[in-house]
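Q: Under mature numbering (1 follows the signal peptide of the UniProt record, and there is no 0), the residues of the sequence shown are numbered -19 to -1, 1 to 603, in order.
Note that beta-carbon positions come from the ideal geometry of N, C-alpha and C, so glycine has one too.
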Amino acid sequence: MRRLVPLLLLFSSTSLLTATSEYVEPIHFQCVSNTNYTRGGAFQANLDAVLSSLPSAAASSLGFAKNATGAAAPDKAYGLAQCRRDITASLCSKCVEKMARKLRSECLGLTSAIAVSGTCLLRHSNVSFFGEGESSFLGYNHGAAGVAQPELFATRLDALMNNLTRMAAYGNPRLFAVGATDHTALSKIYGMAQCTGDLSPDDCYKCLNRGVYYITTYWDREKGGQSVLWSCYLRFESAIFYNLHAAEAIMSTGMAPVPAPGDGRSPNHGEQTGQDSATGAGSNLTPRTALLVSVPVAVTLLLLLFVAVYTCKKNRKLHKHGYEDEEMGGFESLRYDLSTLQAATENFSEKNKLGQGGFGPVYKGTLQNGQNIAVKRLSTESKQGQAEMKNEVVLVAKLQHKNLVRLLGYCTEQNERLLVYEFLSNKSLDKILYGPAKQQEISWAQRYRIIEGVGRGLMYLHEDSRLKIIHRDLKPGNILLDADMNPKISDFGLAKLFNIDSSIMLLVNWLNGELTLVMHGGYGQVWRHWHQGSMLQLVDGCPADEHEKQEILRCIHIGLLCVQDDAQLRPRMAAVVHMLKSRPMTLASPAEPVFEVPGERPRLSSLEPSINEASITHLEPR
């Protein structure tokens, strides 16, 4: 099991690394504790020899070196060093030496370990790993906060990092690329992508593609960031951080054209001589011969066309049956092997079952590196479950916010449909709220933090994310809590890429431990208590002092504002979050609800919980 050593140092805007800057301490290292070696034995001697050889070897080989010492297993030691391609040989050597000292001190007695900084990478093991792409995540480093125009920045950043991923993997034999894109008229975004030199282009692309996913997952309106994996590294900043002259020289050496999708032209396309043409001037075929030749050719072509159409339909059916939707093709790096998830959950053992959702059970799992995960096993009988899976992968993989549950990956082998999420130890909010004993365990202060967190998550979905998303199934069972009781919204299977209909409203009725989707007339009792000044009669057994009772009344007030009959009077989620934060702020009086629902407005019971796959309307979320 791997032991993740805490983050030692983050880059700051005043210590951006260039080719002439001082050496920066390693920021990530992991010691793999599944195999130990005897101190003073043959393996340690071989390991010391390998680690001692790599600094100079990497410095003299354009930043990359690998070595193996020893006759055979289990005493043979393997090592690999990779420096950033744009730094000097001296800085490369110093970085690898420092990494070696760190691994000797922190991972003493362990055969496998890795250390990575923004300057270099060093890895060793007792088994050969050369040429084996390892896309395991080491960490993400946040840069300086406060980026201007965050939505534009996110769009440009995504395009830049995807372009650099392709350039590094397929456009340069050294698996390295840098570049920049305009953010605004006065600012740019600079990026870098690099893989270890032993990878194939395809393995490099797979690793970097996963790294881009972590950037989109963890980015939180910062001007810079770094995504660090075992075999690759990505970084972006709003100021140039690399040696431009050295980087351009590296990229121009042996540069290959980056393949464009669909570019499969033959070099002789369209070329034809008269002697080769059946109807050209050089042809000596008689009409009868031409007919005898053309008819079988036409029949053959028709047969081939029939076979092609049949095969295409069959493949499309198999494609659909195997749940390999075209829209999920861009998330190949998130795919898990079925055997990995079966081992993690003990073959979906009942003892690991966390609960039962509308589309299938959820299991706790533990990966080989010790990471806990939650695995949702979608029903193979439900077409809706299939659509839910696509919604989850396509939508959630593009979202990044601390109040949204993080999707780690998926699996579609052998008729299984599995979604893999981060594991949250406190399970769902309904487990906390329901039951008298549980209600006593969660204080009003904790409830208020949960309210604020869910509000921030909804604000991100409605207004701040690149995709404008309405959840459509928000309830206590779909709000998960981490070890510190921070809320995270989950289950996006019913989400839609459209702005919320003015006839549907979300009423936050936290004081009863519920988050309920209601229509006009669904909160008559709440309004009557509000009108009579007896709102505290709605409060459950949660203890509250006088100050907290005022906060409770404020939350009810905000909830009533959110479900007013006139959509123009309802506050946006950004305003709701501001109201929750600005407690001295004076709130508007809610309008009395109209309990008659106009005939042209659909009632909640008539709205089928269908999964929208492509519809976008021009309605507006609030």
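Taking its Cβ as the centre, do 16 or more other Cβ atoms sit within 10 Å of G44, making it buried, or is it exposed?
A: As a first step, residue 44 must be located in the sequence shown, where it is residue number 63. When all chains shown are included, G44 counts as buried.
Q: Grouping DSSP H, G and I as helix and E and B as strand, with all else coil, what is I470?
A: Stepping through the sequence shown from its first residue, residue 470 is reached at position 489. Looking at I470 - three-state DSSP - the assignment turns out to be strand.
Q: Report the rounded CA-to-CA distance for C64 versus L103, giving the unit in angstroms.
A: Taking the first residue of the sequence shown as 1, we reach residue 64 at position 83. Taking the first residue of the sequence shown as 1, we reach residue 103 at position 122. It is roughly 9 Å from the alpha-carbon of C64 to the alpha-carbon of L103.
Q: What is the DSSP secondary structure of T146, reduced to helix, strand or coil?
A: Sequence index remark: in the sequence shown, residue 146 carries index 165 (1-based). In the structure shown, T146 sits in a helix (DSSP, three-state: H, G or I).
Q: Would you decide whether Q11 is buried or exposed? Buried here means 16 or more other CB atoms lie within 10 Å of its CB.
A: What you label residue 11 is simply residue 30 of the sequence shown in a count that begins at 1. Flag for Q11 reads buried.
Q: Roughly how far, in whole angstroms, is the beta-carbon of L561 from the beta-carbon of I432, given that I think they are within contact range, below 8 Å?
A: By one-based count along the sequence shown, residue 561 stands at place 580. By one-based count along the sequence shown, residue 432 stands at place 451. Rounded, the Cβ-Cβ distance is 7 Å, consistent with contact.
Q: Residues in its own chain within less than 7 Å of G341 by CB, not counting five upstream and five downstream?
A: Position 360 of the sequence shown, counting from 1, holds the residue named residue 341. Hits under 7 Å: K357, R358, L359, S360, G366.
Q: Near K408, what residues of its chain come up, given a Cβ to Cβ distance below 8 Å and the 5 sequence neighbours on each side ignored?
A: On the sequence shown, position 427 is the one that residue 408 refers to. Excluding sequence neighbours, K408 sits near L335, G336, L461, L462.
Q: Within 10 angstroms of the Cβ of K332, are there 16 or more other Cβ atoms? Answer buried if so, exposed if not.
A: Taking the first residue of the sequence shown as 1, we reach residue 332 at position 351. Flag for K332 reads exposed.
Q: The beta strand (DSSP E) with L399 in it runs from where to where?
A: Here residue 399 refers to the residue found at position 418 when the sequence shown is read from its first residue. 399 to 403 is the extent of the beta strand (DSSP E) around L399.
Q: Which ranges does the beta strand (DSSP E) cover as unbroken runs of at least 3 residues, wholly within the stretch 125 to 194, from first to last along the chain?
A: 157 to 165, 168 to 176
Q: Are the beta-carbon atoms of E203 and G114 separated by less than 9 Å?
A: Mapped onto the sequence shown, residue 203 falls at position 222. Mapped onto the sequence shown, residue 114 falls at position 133. G114 is positioned such that its CB atom lies no closer than 9 Å to that of E203.
Q: By the three-class DSSP mapping on this structure, what secondary structure does V5 have?
A: Position 24 of the sequence shown, counted from the first residue, corresponds to residue 5. Unreliable positioning characterises V5 in this predicted model, as indicated by a pLDDT of 44, which lies under 50. The coordinate reading is nonetheless provided below. It is coil, neither helix nor strand.
Q: Bridge partners for N27 per DSSP, in chain order?
A: Here residue 27 refers to the residue found at position 46 when the sequence shown is read from its first residue. DSSP lists no partner for N27.
Q: Distance check for L388 and N153, CA to CA, integer angstroms please.
A: For this step, residue 153 is matched to residue 172 along the sequence shown. For this step, residue 388 is matched to residue 407 along the sequence shown. Distance between the alpha carbons of N153 and L388 is about 32 Å.
Q: Could you spell out the range, first to last residue, of the beta strand (DSSP E) harbouring S106?
A: As a position in the sequence shown, residue 106 is number 125, starting the count at 1. S106 -> beta strand (DSSP E) spans 101 to 106.
Q: Just reading off the beta strand (DSSP E) that G120 is part of, what are its end residues?
A: Position 139 of the sequence shown holds residue 120. First-last of the beta strand (DSSP E) with G120: 118 to 123.
Q: Regarding Y429 and the ligand SAH, is the C-beta to nearest heavy atom distance less than 8 Å?
A: The ligand SAH is not among the ligands present in this structure, which contains no ligands whatsoever.
Q: Put M486 into one of helix, strand or coil per three-state DSSP.
A: As a first step, residue 486 is located in the sequence shown; it is residue number 505 there, counting from the start. Low confidence applies to M486: its pLDDT is 33, below 50, so where it sits in the model is not reliable enough to give any reading.
Q: According to the Cβ coordinates, are V209 and V77 closer than 9 Å?
A: Counted from its first residue, the sequence shown places residue 209 at position 228. Counted from its first residue, the sequence shown places residue 77 at position 96. Taking 9 Å as the Cβ cut-off, V209 and V77 do not qualify as a contacting pair.
Q: Have a look at E573 and L541 and give me their C-alpha separation to the nearest angstrom.
A: Residue 573 sits at position 592 when you count from the first residue of the sequence shown. Residue 541 sits at position 560 when you count from the first residue of the sequence shown. Taking C-alpha positions only, E573 is separated from L541 by approximately 9 Å.
Q: Tell me the DSSP secondary structure of N224 in three-state form.
A: Working through the sequence shown from its first residue, we reach residue 224 at position 243. Three-state result, N224: coil.
Q: Going by C-alpha to C-alpha distance, which of R535, P571, T567 sits closest to A548?
A: Within the sequence shown, residue 548 is the residue found at index 567, counting from 1. Answer by Cα proximity: P571.
Q: What residue from L410, D29, H382 has the CA that sits closest to E444's CA?
A: The residue you call residue 444 lines up with position 463 of the sequence shown. Of the residues L410, D29, H382, the one whose Cα lies closest to the Cα of E444 is H382.
Q: Can you tell me whether DSSP reads H382 as helix, strand or coil?
A: Counting from one through the sequence shown, the residue named residue 382 turns up at place 401. Coil at H382, not helix or strand.
Q: Are there three or more Cβ pairs, one per stretch, closer than 8 Å when the stretch 341 to 351 is compared with the stretch 433 to 442?
A: no
Q: Which residue or residues does DSSP assign as beta-bridge partners of F110?
A: Numbered from 1 along the sequence shown, position 129 holds the residue referred to as residue 110. DSSP links F110 through a beta bridge to no other residue.
Q: What are the start and end residues of the beta strand (DSSP E) that includes C88?
A: Here residue 88 corresponds to residue number 107 of the sequence shown, with the count starting at 1. C88 -> no beta strand (DSSP E), and no H or E assigned at all.
Q: For the alpha helix (DSSP H) containing L534, list its first residue and its last residue.
A: Position 553 of the sequence shown, counted from the start, is the residue given in the question as residue 534. For L534, the enclosing alpha helix (DSSP H) stretches over residues 527 to 543.
Q: Which of helix, strand or coil does DSSP assign to P55?
A: As a first step, residue 55 must be located in the sequence shown, where it is residue number 74. Here P55 sits in coil by DSSP.
Q: Between which two residues does the beta strand (DSSP E) containing I460 stretch?
A: The residue given as residue 460 occupies position 479 in the sequence shown. Per DSSP, I460 belongs to the beta strand (DSSP E) from 460 to 462.
Q: Can you tell me which of S74, E218, E529, A58 puts its alpha carbon nearest to the alpha carbon of T100?
A: Here the question's residue 100 lines up with position 119 in the sequence shown. Nearest to T100 by alpha-carbon distance, out of S74, E218, E529, A58, is S74.
Q: Roughly how many whole angstroms lie between the Cα atoms of L138 and L284?
A: Your numbering for residue 138 matches position 157 in the sequence shown. Your numbering for residue 284 matches position 303 in the sequence shown. Rounded to whole angstroms, L138 to L284 spans 49 Å at the Cα level.
Q: Could you pull the start and end residues of the alpha helix (DSSP H) that R430 belongs to?
A: Sequence index remark: in the sequence shown, residue 430 carries index 449 (1-based). Element bounds for R430: 425 to 440.
Q: Do you know how far the Cα of S219 is from the Cα of S168?
A: Stepping through the sequence shown from its first residue, residue 168 is reached at position 187. Stepping through the sequence shown from its first residue, residue 219 is reached at position 238. Cα to Cα, the separation comes out at about 7 Å.
Q: With DSSP as the reference, please indicate the residues paired to I95 in a beta bridge.
A: Against the sequence shown, residue 95 aligns to sequence position 114. Q11, R104, per the DSSP bridge assignment.
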